[in-house]
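First up is the structure itself, then whatever we jot down about it.
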Amino acid sequence: MKRASIILVLIVASLIVWKQTQANYSGILLKHSSIKTAMKLNSEEQLENIVLLPETDFDKSEARGIISRLDHIPRHLLSAVDNQEIKVRLFERNLTDFSTTSHLKGVTPRGYTNKDTTWDDVPGIGGSKLVLVKIGHSEKGKGHDSVNLELHELAHSIDRYVINDPYSDMAFTHIWKKEAPLLFPGQSYFIDYQEEYFAETFALYYLSKDSRNLLKRKAPSTYQYFKSLG
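Following full-length UniProt numbering, the numbering of the sequence shown begins with 1 at its first residue and continues without gaps.
Below, the structure is given as structure tokens:
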């Protein structure tokens with residue numbers, strides 16, 4: 001009887017935590033959105049549980065583009081993202097309007113030389129179980145310097161929760177130190193921060209054939225690392 005009571009308490013506690021987490025995320029899952037019906041995705045089963053869309057009206061064409069680029073990531077990696085309950089929330093407001101990021105209001109992101117730029121102005125953030133991506137800001141120059149916003153930000157969370165392998169990390173550290181100055185000469189953001197190099201090269205590898213070939217040519221060991229992920 002005592003054991004049954006303990007199990008019941010644990011189940012109730014888990015449900016409370018789950019509901020609180022879902023409430024913090026907000027948004028509509030892709031599988032419940034009408035825009036999914038107009039898309040053919042390789043990893044539909046995974047992405048429909050990963051992508052969260054705004055509850056109000058939004059640019060559906062831009063959102064489809066983001067989802068299509070996320071679909072470049074192999075199914076087994078997206079399955080791992082789904083298993084880790086990582087969500088990619090698309091939005092059109094300020095990044096700091098969310099409960100998970102409100103503490104960043106007025107704060108300048110690490111590595112930014114322009115101190116007038118704060119998280120309020122930044123179009124995306126990754127590394128936690130809730131990745132935020134601003135609709136219409138995927139390309140370089142739209143509030144960020146990444147080759148692609150959504151792939152870069154999701155890569156931070158994949159690095160933290162999916163790969164999370166000390167031996168893999170040691171191997172990548174060696175690669176980063178050797179090839180970051182070759183791929184990004186004079187760009188301290190990628191040279192000084194290993195996690196930023198990982199996220200940006202992940203984006204290069206999965207964005208397009210051209211960006212992958214660029215990575216292969218300028219940073220062959222980095223290219224081989226991502227190729228080994230499958």
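The beta-carbon is built from N, C-alpha and C at its ideal position, and this holds for glycine as well. Model, not experiment: these values are computed from the prediction.
8 Å Cβ cutoff met for residue i and residue j
i: L215; j: L77; result: no
i: E123; j: H103; result: Before going further, note that residue 123 is Pro rather than Glu in the sequence given. Cβ atoms of P123 and H103: not closer than 8 Å.
i: R89; j: L41; result: no
i: D120; j: T100; result: no
i: V51; j: I67; result: yes
i: Y223; j: Y205; result: yes
i: I125; j: E150; result: no
i: K115; j: E85; result: no
i: Q187; j: W176; result: no
i: S221; j: E179; result: yes
For residue i, the residue or residues it bridges with in DSSP
i: Y134; result: Before going further, note that residue 134 is Lys rather than Tyr in the sequence given. Paired residue(s): F91.
i: residue 238; result: No answer is possible for residue 238: it lies beyond the span of the chain, which begins at 1 and ends at 230.
i: V107; result: Its beta-bridge partners do not exist; DSSP assigns none.
i: L53; result: I28
Among the options, nearest to residue i - alpha-carbon criterion
i: E48; options: D71, T56, K227, D59; result: D71
i: G143; options: T201, N94, E179; result: N94
i: M39; options: I28, K60, L52; result: K60
i: A199; options: P74, I28, H156, N164; result: H156
i: P54; options: P74, R75, R69, L29; result: L29
i: G106; options: T117, Y112, F98, T113; result: T117
i: E139; options: A219, G65, F226; result: G65
i: N83; options: V162, S33, T37, S43; result: V162
Reduced DSSP secondary structure (H/G/I, E/B, other) of residue i
i: L41; result: coil
i: G124; result: strand
i: L229; result: coil
i: I28; result: strand
i: Y223; result: helix
i: W176; result: helix
i: I86; result: coil
i: F58; result: coil
i: V12; result: Note on V12: pLDDT 39, under 50, position unreliable in the model; the coordinate value appears next. Three-state DSSP puts V12 in a helix.
i: D165; result: coil
Residue i at chain D interface by Cβ criterion, 8 Å
i: P185; result: The displayed structure is made up of one protein chain only, and chain D is not part of it.
message: So within the segment 134 to 160, which uninterrupted beta strand (DSSP E) runs reach at least 3 residues, ignoring any that extend past its ends?
response: As far as the segment 134 to 160 is concerned, it has no whole beta strand (DSSP E) run of at least 3 residues.
query: Taking only runs of the alpha helix (DSSP H) that begin and end inside the segment 180 to 212, which ones reach a length of at least 4 residues, in chain order?
result: You should have 188 to 192, 194 to 207.
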